[in-house]
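Numbering (our numbering), first residue to last: 4 to 388. All C-beta atoms in this analysis are idealised placements derived from N, C-alpha and C, irrespective of residue type, glycine included. Below is one structure; the comments refer to it alone.
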Ligand code: GLA
């Protein structure tokens with residue numbers, strides 16, 4: 004939750020007090036999500052077939068597999084946990100989640116965090132109970148259970164909020180979360196250019212695309228579509244191109260590396276969507292590569308921008324806090340193709356050291372440009388100093 008007060012004022016004649024409040028809002032957001040949140044979410048693999056035992060098993064595997072040590076922390080229950088409301092309007096989980104507080108305690112004891120899901124409309128996307136008209140009670144329940152993240156998904160809210168009213172749906176819940184008194188990361192999904200008002204409405208992350216699916220074409224379409232949104236991301240407030248599909252059985256290793264590289268370049272939340280209890284060593288290695296995760300989690304929090312696009316070949320660059328630059332050379336199409344990055348396009352002169360972040364290998368000194376043969380649907384990710 005970022006503080007949000009006053010941020011809709013026009014840029015003209017901004018009083019000093021307003022500037023202070025916006026600054027405070029940004030600071031508030033940064034405390035909760037200083038780098039893009041990392042974790043796991045039930046939806047991509049389990050959809051509605053999720054229950055308490057499965058969530059606990061995923062948490063156990065997050066620790067045992069080394070995902071937790073790599074930085075993954077949130078264990079997020081998506082849609083389909085919701086039960087009925089009592090006479091006072093307080094929501095209860097359905098019988099698949101007998102005790103939400105006990106589940107939160109279980110995760111917290113492992114050093115993990117619990118995420119939960121709702122909608123600003125009366126029904127969620129899977130037609131379970133949403134928060135419309137019950138924002139205060141729901142925020143109080145989440146805080147009481149020990150929830151650490153709320154994914155607030157548009158769904159049926161489309162029939163209740165229109166045009167300029169859309170941000171108010173999120174402000175209502177954000178205010179309720181603040182009043183409930185527990186720090187809860189606020190993850191938002193609405194229609195339209197939410198990135199333009201997401202921070203002001205209290206968001207820490209907001210979906211910028213429709214749903215990902217377990218498909219190379221869909222994954223690359225939404226990932227590369229993030230071009231131009233870089234100015235809206237920063238510490239505490241992140242663009243979210245949806246959760247990862249790595250390890251769900253359709254993307255090969257090259258495509259999974261591309262997916263991971265692109266999301267890390269975009270400073271996107273890294274929310275795994277696979278079954279952590281059965282993942283292959285290759286999936287595990289891709290999801291936990293420390294040099295690639297460091298790109299995502301860099302303290303500067305700058306989202307990469309596209310430097311060059313020639314047909315299916317793309318070059319993206321992410322400036323890092325230590326002054327180095329990470330460059331992604333992406334081959335979106337068939338066959339192995341050479342890709343070159345000219346250092347002048349990166350604002351870099353003289354000789355630089357190049358390191359390959361997937362090979363974990365220093366490649367030596369380069370002047371003027373760097374070229375690599377990049378395989379089909381693959382990426383070469385380098386860090387230059
Ligand atoms: C929407 C969201 C998904 C998921 C489902 C749950 O489609 O975009 O990520 O949360 O709802 O019903």
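Closer than 7 angstroms to a non-hydrogen atom of the ligand GLA - does that hold for the CB of residue i?
i, result
"residue 129", "yes"
"residue 198", "no"
"residue 46", "yes"
"residue 156", "yes"
"residue 135", "no"
"residue 120", "yes"
"residue 111", "no"
"residue 192", "yes"
"residue 214", "yes"
"residue 365", "no"
"residue 348", "no"
"residue 82", "yes"
Could you give the first and the last residue of the continuous alpha helix (DSSP H) run that contains residue i?
i, result
"residue 349", "Run containing residue 349: none; DSSP gives neither H nor E here."
"residue 386", "It is not in any alpha helix (DSSP H) - residue 386 instead sits in the beta strand (DSSP E) that spans 381 to 387."
"residue 148", "138 to 148"
"residue 47", "46 to 49"
"residue 71", "70 to 73"
"residue 266", "256 to 268"
"residue 290", "284 to 291"
"residue 220", "219 to 227"
"residue 59", "55 to 67"
Going by other Cβ atoms of all chains shown within 10 Å of its Cβ, with 16 needed for buried, is residue i buried or exposed?
i, result
"residue 127", "buried"
"residue 11", "Confidence is the limiting factor: at residue 11 the pLDDT is only 41, short of 50, which leaves the residue's position unreliable and the question unanswerable from this model."
"residue 2", "Nothing in the structure corresponds to residue 2, since the chain is present only between 4 and 388."
"residue 79", "buried"
"residue 380", "buried"
"residue 388", "exposed"
"residue 255", "exposed"
"residue 313", "exposed"
"residue 81", "buried"
"residue 16", "For residue 16, the predicted model reports a pLDDT of 41, less than 50, meaning its position is unreliable and no value from the coordinates is stated."
"residue 302", "exposed"
"residue 324", "exposed"
"residue 91", "exposed"
"residue 38", "buried"
"residue 220", "exposed"
"residue 101", "exposed"
"residue 368", "exposed"
"residue 373", "buried"
Among the options, which one has its Cα closest to the Cα of residue i?
i, options, result
"residue 327", "305, 99, 115 and 342", "305"
"residue 187", "368, 145, 78 and 223", "145"
"residue 223", "317, 272 and 35", "317"
"residue 331", "343, 48, 217 and 171", "343"
"residue 116", "67, 131, 139 and 148", "148"
"residue 105", "339, 55, 90 and 231", "55"
"residue 227", "294, 320, 125 and 83", "320"
"residue 356", "362, 350 and 366", "366"
"residue 282", "264, 311 and 252", "252"
"residue 371", "354, 384 and 362", "354"
"residue 200", "213, 217 and 232", "232"
"residue 271", "211, 166, 96 and 337", "211"
"residue 277", "157, 150 and 48", "48"
"residue 136", "39, 124, 217 and 101", "124"
"residue 358", "165, 294 and 63", "294"
"residue 46", "214, 103, 161 and 162", "214"
"residue 196", "184, 84, 209 and 205", "209"
"residue 43", "333, 88 and 275", "275"
"residue 390", "333, 111, 118 and 62", "Since the first residue of the chain shown is 4 and the last is 388, residue 390 is not available in this structure."
"residue 89", "63, 111 and 141", "141"
"residue 84", "52, 67, 346 and 60", "52"
Just curious, the beta strand (DSSP E) that residue i is in, first and last residue?
i, result
"residue 273", "273 to 275"
"residue 100", "Residue 100 -> no beta strand (DSSP E), and no H or E assigned at all."
"residue 127", "First-last for residue 127: undefined, no H or E at that position."
"residue 192", "188 to 192"
"residue 177", "Unbroken run through residue 177 is the alpha helix (DSSP H), 169 to 183; no beta strand (DSSP E)."
"residue 320", "316 to 322"
"residue 376", "372 to 377"
"residue 210", "208 to 210"
"residue 331", "328 to 334"
"residue 156", "152 to 156"
"residue 134", "Here residue 134 belongs to no beta strand (DSSP E), and DSSP marks it neither H nor E."
"residue 121", "116 to 121"
"residue 308", "308 to 313"
"residue 78", "77 to 79"
Any chance the CB of residue i is under 7 angstroms from a heavy atom of the ligand ADP?
i, result
"residue 162", "The ligand ADP is absent from the structure shown, which contains only the ligand GLA."
* **Touching by the beta-carbon criterion (3+ pairs, under 8 angstroms), the region 34 to 43 and the region 248 to 256** => no
* Asked: Does the pairing of the region 254 to 270 with the region 278 to 292 give three or more beta-carbon distances under 8 angstroms?
  -> yes
* Sufficient close CB pairs (3 or more, under 8 angstroms) joining the region 335 to 342 to the region 61 to 80 -> no
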